[in-house]
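Everything on this sheet refers to the single structure shown next.
Protein chains in written order, with this note's numbering: chain A, 33 to 373; chain B, 6 to 505.
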């Protein structure tokens, strides 16, 4: 959490070593990132360390960033949302379904004005989030299971609407946000930055944000403090789904097409970004700055592996191993913090 | 009685200290064959420490312990069990999702030649075994579905079945209804006749007197007296338990405490017919402005559960609660707090955020009163700093991580939370548990301050001193129902204990 990172006057009396130990969970992912940049920079100095490649990395992580913003809220409360990719996919397809498609696209769609399609798509992801929230807080289904079911439901909605076909057209506003530029900066990067910034402001400076941290830190204590825990949990599930939905809409424009299963890799990418960044799966620790570092770790890793001479079939394995290493470092950093404090 | 026989267990001069604090001092204790030996004393008097030594939980102690005439020093509970000593804890260790038979055979199921569990054989043996004890229960029934009394007997059956002939029963009757108590006693008498011996620890002195052959009283880490149950009564036991008030600071409440209610004070909370299945039933009371209502009862009497239900943490099955004539919804803790009811639960850990700084622990409950949407950390710190000063929290910091504070200071932070934006009713559950004298005085002081501000306070406790030092009026609960009310009278610890 940003407001905690600066040592206050009272903490200033402690040694720098103590402070470093306490901040290890925030520092470790950063070191991983620097390590990756140095390694890829040395191995492919001409292609990796260029301005245009930085733009590539930013573009590549933008859709994940939008989805990961919502997921950060969910994980901070010690819940999980496995339906993010499926909700993103369903929302993107709903958007395309209500947009006029070219004649050769064999989908029985319902063309509506652009704004109407966007509103319907937003309502769709909001509704799916509400179902997640209802299952978790009112019925009492663990979020892991509830969102596993929602993952199937989202995939089902996607399949029903496109029936194996591919749609291409989306409303012009979304098309611009997903694939347009302004002054050389891709709109998709700006949207992602705004989402991350908004998420950070809400988590750090609002009452709701504080409640999110406290519910994650000690749920029972939050309850005894008079916090409406169920409301907070419901709200983060809806936030998670809406961010996923927006990510899905923008993503469809970014890819240039809407089809089944196109977001499948985003589930693990988003979870990995949040966790590699140092946000605790047990809740209450971490935040958007951590998620940003995590996004860059993942983005640089994927991008960098494309720049070095390596068997393309080995890349997936290497990616997995480096992620594992980052997680191991995180866990040790957490332990170090607990010992020193 | 079996005076001529050799004792099964003989303890001579047992002593035990925990980090410099004396828990037991020169205790002699014997258990004879076929005897039920009652053990009474207040919380912390040393009964459970001695039992843990006998059952092999503590292995560092002074003095000698002999079992069947041979000196022993158990390394683990397993060792004790091998020597024939078993224990049935107050918190049952039965596995609710398994069948009765599986519970009886837990860890030692009979198997067929192939190594699979011999279900039919197990059920047959379990039923036979339990029936011999006079326990009639279907061995295939799920243990969790049985009434508590039967669950306890099933656990007793398991301990017996594992070979124990000397069994320690810790508060076995606290959750049982009178017919269930009689059922337990019938089983104990049957077993006694067969030569099994029991150590019967309980706060329920009538139960102790009814079933025991001899009773030993503990006070202040010492054995005070051992007597034949037939020759003593409840009053004598209470007198032995609490002493005559010559034993120093720890026993300051043996005198007469006058209770006084302000006549004509405005009633704040009225509770009518509160019932929660398995915890308490038909509890009614009221609390006035500027009054401290004490609710006292032994562990398991339902008063701690009552506190949680009044705060909306758990749901009531029946009954209504009003505050200032407005009926509480009690949907959840948030709605209770909106309606003006706050709770400090018995466990500090369950209401504090160990990883967060002190000021966030204090402000969490009042954020909605001091902020609109955006947080104002400077205001939070300002409120926290004032409270840290007035409550003398150490260290004098609003930024220290809460878990680095001592227990007493953590409790002050827990209380501090409700002091700036006052609730109408504040419920304190075990507010002084585990505190040293100085911290206890601080709590008494804080509660006095709250009274003066016109808050209605409810103090719920299993410790008589806590209730006596804080309350203006006391109701006593026993096994889930209110049995007595002390108002406008003088009360003393022995009378309070006698009423419970």
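Positions of the beta carbon are idealized from the N, C-alpha and C atoms, including for glycine.
Any Cβ of chain A closer than 8 Å to the Cβ of residue 435/B would place that residue at the interface, and such an atom is absent.
Fewer than three Cβ pairs drawn from the segment 243-253 of chain A and the segment 86-98 of chain A lie within less than 8 Å of each other, which leaves the two stretches out of contact. The shortest C-alpha to C-alpha distance from residue 154/A to any of 270/A, 255/A, 345/A is the one to 270/A.
Going by beta carbons, residue 111/B and residue 100/B fall inside the 8 Å limit.
A direct Cα-Cα distance of roughly 11 Å separates residue 435/B from residue 469/B. About 6 Å separates the Cβ atoms of residue 392/B and residue 424/B, confirming a contact at the 8 Å cut-off. Looking only at 31/B, 371/B, 406/B, the smallest Cα-Cα distance to residue 422/B is reached by 371/B. DSSP lists 298/B as the beta-bridge partner residues of residue 478/B. By the rule that beta-carbons nearer than 8 Å mark a contact, residue 350/B touches chain A. The Cβ-Cβ distance between residue 209/B and residue 216/B does not fall below 8 Å.
For residue 360/A, the closest Cβ of chain B is not nearer than 8 Å.
Looking from the CA of residue 277/B, the closest CA among 290/B, 412/B, 182/B belongs to 290/B.
In terms of beta-carbon proximity, residue 422/B lines the interface with chain A, with at least one pair separated by less than 8 Å. Approximately 7 Å separates the beta-carbon atoms of residue 234/B and residue 43/B; this is inside 8 Å, confirming the contact.
At a C-beta separation below 8 Å, residue 237/A has these neighbours in chain B: 379, 380. A direct Cα-to-Cα measurement between residue 72/B and residue 14/B gives close to 5 Å. Per DSSP, the continuous beta strand (DSSP E) segment holding residue 67/B begins and ends at 67-72. Residue 443/B and residue 407/B do not touch by the CB rule: their CB atoms are close to 20 Å apart, not below 8 Å. In this structure residue 281/A is in contact with residue 123/A, their Cβ atoms being roughly 6 Å apart against a cut-off of 8 Å. Within the same chain, and ignoring the five residues on either side of residue 299/A in sequence, the residues whose Cβ sits closer than 7 Å to its Cβ are 114, 116, 117. Using a C-beta cut-off of 8 Å, the segment 139-148 of chain B makes no contact with the segment 444-451 of chain B, since fewer than three inter-stretch Cβ pairs fall below that distance.
Using a Cβ-Cβ cut-off of 8 Å, residue 22/B is close to nothing in chain A; its nearest Cβ partner there is about 29 Å away.
Residue pairing by DSSP places residue 16/B opposite 34/B, 70/B in a beta bridge. In the three-state reduction of the DSSP assignment, residue 119/B falls in the coil class. No Cβ of chain A is located within less than 8 Å of the beta carbon of residue 414/B. Around the beta carbon of residue 78/A, fewer than 16 other beta carbons lie within 10 angstroms, which makes this residue exposed.
In the three-state reduction of the DSSP assignment, residue 301/A falls in the helix class. In this structure, the straight-line span from the alpha carbon of residue 320/A to that of residue 330/A is close to 15 Å. The DSSP-derived three-state label of residue 332/A is helix. Remark: C-beta atoms of residue 76/A and residue 340/A approach each other more closely than 8 Å. Taking 8 Å as the CB threshold, residue 372/B lines the interface with chain A.
In this structure, DSSP gives residue 147/B an extended state, which the three-state scheme calls strand. Annotation for residue 287/B: 278, 280, 486 place their beta carbon closer than 7 Å to its own, counting only its chain and skipping 5 residues before and after. Between residue 180/B and residue 155/B, the CB-CB gap reaches or exceeds 8 Å.
It is roughly 10 Å from the alpha-carbon of residue 362/B to the alpha-carbon of residue 410/B.
Residues of the segment 244-263 of chain A that bring their beta carbon within less than 9 Å of a beta carbon in chain B comprise 245, 246, 249, 250, 252, 253, 254, 255, 256, 257, 258, 259, 260, 261, 262, 263, in sequence order.
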